[in-house]
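Undergrad: Residue numbers (my numbering), protein chains in the order written: chain A, 1 to 323; chain B, 324 to 516.
Cβ atoms here follow ideal geometry from the backbone N, Cα and C, with glycine treated the same way.
Below is a structure I'd like to ask you about.
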């Protein structure tokens, strides 16, 4: 992690100018939005007054159409602004965290990575994402982005109408990093719902569920880790080769820092981390000033959640046969 | 009469289920132990190479090399009881640590490609041995729980199942060596040396 002075220098030198520019644009945009909203409200009141005085209600319809058009224009302008904002600002913050990091606002982690992690066994019907960051931090290759994976169910009612419903499998930050040890097989570290709720009985239930995933339950020594996570793997020794006591503590620490539900998977010589996020990350807020260091710090924190995997899991320690 | 028969059948069935559960757990311990054996054999294979590499530099430490070679031959020949295997391998771990301390005195050797490769392999095997030991201990814990908890403890005592010992890691070196890595411990904390 870079120091506070580094951040200050970087902020002054590289970001402030860009942010001032963008802030001007944001203010204009926001002012236009407010004017538009007031005009619409005024029109609505007038239309209601005409209707109330026994006039035609057609004017109300006109106002409704005008509101729809305004919303469409507003949406286009806002997404244009987001585009202008993301590449220079988020890209620069990513480079500040590590010069090797490249930011692609419209790309995401490939679906194959998501499937390879084996974290979410459901078949994916719709896969999308944005804000892709990739690079090599120290000796460790890393890539991450926001991901939204869904599956669909179709339901036909007795009149023959089909209705499709989309369900979220995972939504949040999906991180893939090269693991520092060579291994075979799959080890999953999932949030422990059963044991937290039911104690030792939960562990018994977990013992039954391993049949579903075709993996074995792995019981580890660290009681704190066992309270937070449940581990499934296809090889008991392999799982412990990966999950050393030190790494268990590090995974706990990562979860604590993220403050959210975290899933880890070790497969294909990679570590995958899926962090559920409630909000859309890396988006500019149109309602608040941009040229405020606190705002930039927020993006820095969001990016660090992804990049931090390398440091937090100590992936640059390469003292084993994998270089 | 029928109730008595059904009751007896149920008790018999429960007995069989519990007994089979105990057998499964015991077999898991056996498998886990044989995995440790496999890892230890991998380490035996590394030792001659390590000794040959370090010996060229540190002639006056011949005693350590002879000792580790002797123990390796003893362990690799097979035929040792479980306790003896553990004891001999703990001694080997101790000696390997000493060899790594010796290497500290020879920066040229420490930086050589050959030694670095050996060190990486050794780190990996030590980590695998630690993992196998932990897997064995988890299997033992599972077996011991079944042997000591009611009602499976009844079946266990009737059929001669007893609790097993856990495997401890070799005691860490007392005069803390300055090698970056603590071999034999299952920790991975700390950066490379």
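Does any C-beta atom of chain B lie closer than 9 Å to the C-beta of residue 238 of chain A?
TA: Indexing the first chain from 1 puts residue 238 of chain A at position 238. Yes - at least one Cβ of chain B is within 9 Å of the one on residue 238 of chain A.
Undergrad: What is the DSSP secondary structure of residue 517 of chain B, reduced to helix, strand or coil?
TA: What the structure shows of chain B is the stretch from 324 to 516, and residue 517 of chain B is not part of that stretch, so it cannot be assessed.
Undergrad: Does the CB of residue 77 of chain A have a neighbour CB from chain B at under 9 Å?
TA: Taking the first residue of the first chain as 1, we reach residue 77 of chain A at position 77. For residue 77 of chain A, the answer is no, since every Cβ of chain B falls outside 9 Å of its Cβ.
Undergrad: Suppose the cutoff is 8 Å on Cβ atoms and the five residues either side in sequence are ignored; what does the same chain contact list for residue 428 of chain B look like?
TA: Taking the second chain and counting its residues from 1, the one referred to as residue 428 of chain B is at position 105. Cβ neighbours of residue 428 of chain B beyond the five flanking positions: 381.
Undergrad: Skipping 5 residues on each side, what residues in its chain have a beta carbon closer than 6 Å to that of residue 509 of chain B?
TA: In the second chain, the residue the question calls residue 509 of chain B occupies position 186. For residue 509 of chain B, the predicted structure reports a pLDDT of 41, less than 50, and the residue's modelled location is therefore unreliable. A value from the coordinates is still provided. Closer than 6 Å at the Cβ level, and outside the excluded window around residue 509 of chain B, lie 453.
Undergrad: Alpha carbon to alpha carbon, how far is residue 164 of chain A from residue 156 of chain A? Give it in angstroms, no decimals.
TA: In the first chain, counting from the first residue as 1, residue 156 of chain A sits at position 156. In the first chain, counting from the first residue as 1, residue 164 of chain A sits at position 164. If I take the Cα positions, the gap works out to 9 Å.
Undergrad: Select from A:192, A:166, A:290, A:148 the residue whose C-alpha is nearest the C-alpha of residue 175 of chain A.
TA: Residue numbering aside, residue 175 of chain A sits at position 175 when the first chain is read from its first letter. Checking every option, the nearest Cα to that of residue 175 of chain A belongs to A:148.
Undergrad: Looking at the structure shown, is residue 107 of chain A part of a helix, part of a strand, or coil, going by DSSP?
TA: One-based indexing of the first chain puts residue 107 of chain A at position 107. Residue 107 of chain A: coil per DSSP, three-state reduction.
Undergrad: If contact means a Cβ-Cβ distance below 9 Å, which residues of the stretch 417–433 of chain B contact chain A?
TA: Per Cβ criterion, the list is empty.
Undergrad: Would you check if the distance between the CB atom of residue 184 of chain A and the CB atom of residue 152 of chain A is smaller than 9 Å?
TA: By one-based count along the first chain, residue 184 of chain A stands at place 184. By one-based count along the first chain, residue 152 of chain A stands at place 152. For residue 184 of chain A and residue 152 of chain A, no; Cβs fall outside 9 Å.
Undergrad: Kindly indicate which residue of B:402, B:430, B:436, B:384 has the alpha-carbon position closest to the one of residue 418 of chain B.
TA: Along the second chain, read from residue 1 onward, the residue named residue 418 of chain B stands at position 95. Checking every option, the nearest Cα to that of residue 418 of chain B belongs to B:384.
Undergrad: Mind checking if residue 353 of chain B is an interface residue toward chain A, Cβ cutoff 9 Å exclusive?
TA: As a position in the second chain, residue 353 of chain B is number 30, starting the count at 1. No, residue 353 of chain B does not count as interfacial toward chain A.
Undergrad: What do you reckon, are the CB atoms on residue 265 of chain A and residue 258 of chain A nearer than 9 Å?
TA: Along the first chain, read from residue 1 onward, the residue named residue 265 of chain A stands at position 265. Along the first chain, read from residue 1 onward, the residue named residue 258 of chain A stands at position 258. Cβ atoms of residue 265 of chain A and residue 258 of chain A: not closer than 9 Å.
Undergrad: So who's on the other strand from residue 170 of chain A, going by DSSP bridges?
TA: Mapped onto the first chain, residue 170 of chain A falls at position 170. Per DSSP, A:149.
Undergrad: At 4 residues or longer, what runs of the alpha helix (DSSP H) sit wholly inside the stretch 405–476 of chain B?
TA: Counting whole runs of 4 or more residues, the stretch 405–476 of chain B contains the alpha helix (DSSP H) stretches 405–427, 430–434, 436–471.
Undergrad: Using a Cβ-Cβ cut-off of less than 7 Å, list which residues of the stretch 444–468 of chain B approach chain A; keep chain order.
TA: If the cut-off is 7 Å between Cβ atoms, the stretch 444–468 of chain B has 444, 446, 447, 450, 451, 454, 455, 457, 458, 461 near chain A.
Undergrad: Per DSSP, residue 178 of chain A forms a beta bridge with which residues?
TA: One-based indexing of the first chain puts residue 178 of chain A at position 178. Bridge partners of residue 178 of chain A: A:270.
Undergrad: Can you give the Cα-Cα distance for residue 438 of chain B and residue 370 of chain B, rounded to whole angstroms?
TA: Here the question's residue 438 of chain B lines up with position 115 in the second chain. Here the question's residue 370 of chain B lines up with position 47 in the second chain. Straight-line Cα distance between these residues: approximately 12 Å.
Undergrad: Drop a sphere of 10 angstroms on the beta-carbon of residue 517 of chain B, count the other beta-carbons inside from all chains shown, and report buried for 16 or more, exposed for fewer.
TA: This structure gives no information on residue 517 of chain B, because the portion of chain B shown stretches from 324 to 516.
Undergrad: By DSSP, does residue 93 of chain A sit in helix, in strand, or in coil?
TA: Within the first chain, residue 93 of chain A is the residue found at index 93, counting from 1. Of the three classes helix, strand and coil, the one that applies to residue 93 of chain A here is helix, per DSSP.
Undergrad: Does residue 21 of chain A come out as helix, strand or coil in the three-state DSSP assignment?
TA: Numbered from 1 along the first chain, position 21 holds the residue referred to as residue 21 of chain A. Note: residue 21 of chain A maps to helix in three-state DSSP.
Undergrad: Give a yes or no on whether the minimum CB-CB distance between residue 257 of chain A and chain B is below 9 Å.
TA: Here the question's residue 257 of chain A lines up with position 257 in the first chain. With 9 Å as the cut-off, residue 257 of chain A does not count as an interface residue toward chain B.
Undergrad: Taking residue 11 of chain A and residue 295 of chain A to be in contact with their CB atoms under 8 Å, please state how far apart those CB atoms are, rounded to whole angstroms.
TA: Counted from its first residue, the first chain places residue 11 of chain A at position 11. Counted from its first residue, the first chain places residue 295 of chain A at position 295. The pair is not a contact, with the Cβ atoms about 11 Å apart (cut-off 8 Å).
Undergrad: Would you call residue 227 of chain A buried or exposed, if buried means 16 or more other Cβ atoms sit within 10 Å of its Cβ?
TA: Here residue 227 of chain A refers to the residue found at position 227 of the first chain. Label assigned to residue 227 of chain A: exposed.
Undergrad: Given a cut-off of 9 Å, decide if residue 221 of chain A and residue 351 of chain B are closer than it, judged by their beta-carbon atoms.
TA: To locate residue 351 of chain B, count along the second chain from 1; it is residue 28. To locate residue 221 of chain A, count along the first chain from 1; it is residue 221. No, these two residues do not count as a Cβ contact at 9 Å.
Undergrad: With DSSP as the reference, label residue 142 of chain A as helix, strand or coil.
TA: Start at 1 with the first residue of the first chain, and residue 142 of chain A comes out as number 142. DSSP places residue 142 of chain A in strand when its eight states are reduced to three.
Undergrad: Just to confirm, is the Cβ distance from residue 30 of chain A to residue 286 of chain A under 9 Å?
TA: Here residue 30 of chain A refers to the residue found at position 30 when the first chain is read from its first residue. Here residue 286 of chain A refers to the residue found at position 286 when the first chain is read from its first residue. Cβ atoms of residue 30 of chain A and residue 286 of chain A: closer than 9 Å.
Undergrad: Just how far apart, CA to CA, sit residue 33 of chain A and residue 82 of chain A?
TA: The count along the first chain starts at 1 and reaches residue 33 of chain A at position 33. The count along the first chain starts at 1 and reaches residue 82 of chain A at position 82. Cα-Cα distance, rounded: 15 Å.
Undergrad: Evaluate residue 112 of chain A with the Cβ neighbour count: other Cβ atoms within 10 Å of its Cβ, from every protein chain shown; 16 or more gives buried, anything less gives exposed.
TA: Your numbering for residue 112 of chain A matches position 112 in the first chain. It is exposed - the Cβ of residue 112 of chain A has fewer than 16 other Cβ atoms within 10 Å.
Undergrad: Taking DSSP as the reference, what is the three-state secondary structure of residue 189 of chain A?
TA: To locate residue 189 of chain A, count along the first chain from 1; it is residue 189. Three-state DSSP puts residue 189 of chain A in a strand.
Undergrad: So, helix, strand or coil for residue 280 of chain A, using DSSP?
TA: Numbered from its first residue, the first chain carries residue 280 of chain A at position 280. The answer is coil: DSSP assigns residue 280 of chain A none of H, G, I, E or B.
Undergrad: Output, in chain order, the set of chain B residues within a Cβ distance shorter than 8 Å of residue 221 of chain A.
TA: Mapped onto the first chain, residue 221 of chain A falls at position 221. 457, 460, 461, listed in chain order.
Undergrad: Which term fits residue 187 of chain A, buried or exposed, when burial requires 16 or more other beta carbons within 10 angstroms of its beta carbon?
TA: Position 187 of the first chain holds residue 187 of chain A. Its Cβ being crowded by 16 or more others within 10 Å, residue 187 of chain A is buried.
Undergrad: Grouping DSSP H, G and I as helix and E and B as strand, with all else coil, what is residue 124 of chain A?
TA: Numbered from 1 along the first chain, position 124 holds the residue referred to as residue 124 of chain A. Coil, per DSSP.
Undergrad: When the distance is taken between beta carbons, is residue 425 of chain B closer than 9 Å to residue 377 of chain B?
TA: Residue 377 of chain B sits at position 54 when you count from the first residue of the second chain. Residue 425 of chain B sits at position 102 when you count from the first residue of the second chain. Yes, they are a contact pair.
Undergrad: I need the boundaries of the beta strand (DSSP E) containing residue 229 of chain A, first residue and last residue.
TA: As a position in the first chain, residue 229 of chain A is number 229, starting the count at 1. Its beta strand (DSSP E) spans residues 229–233.
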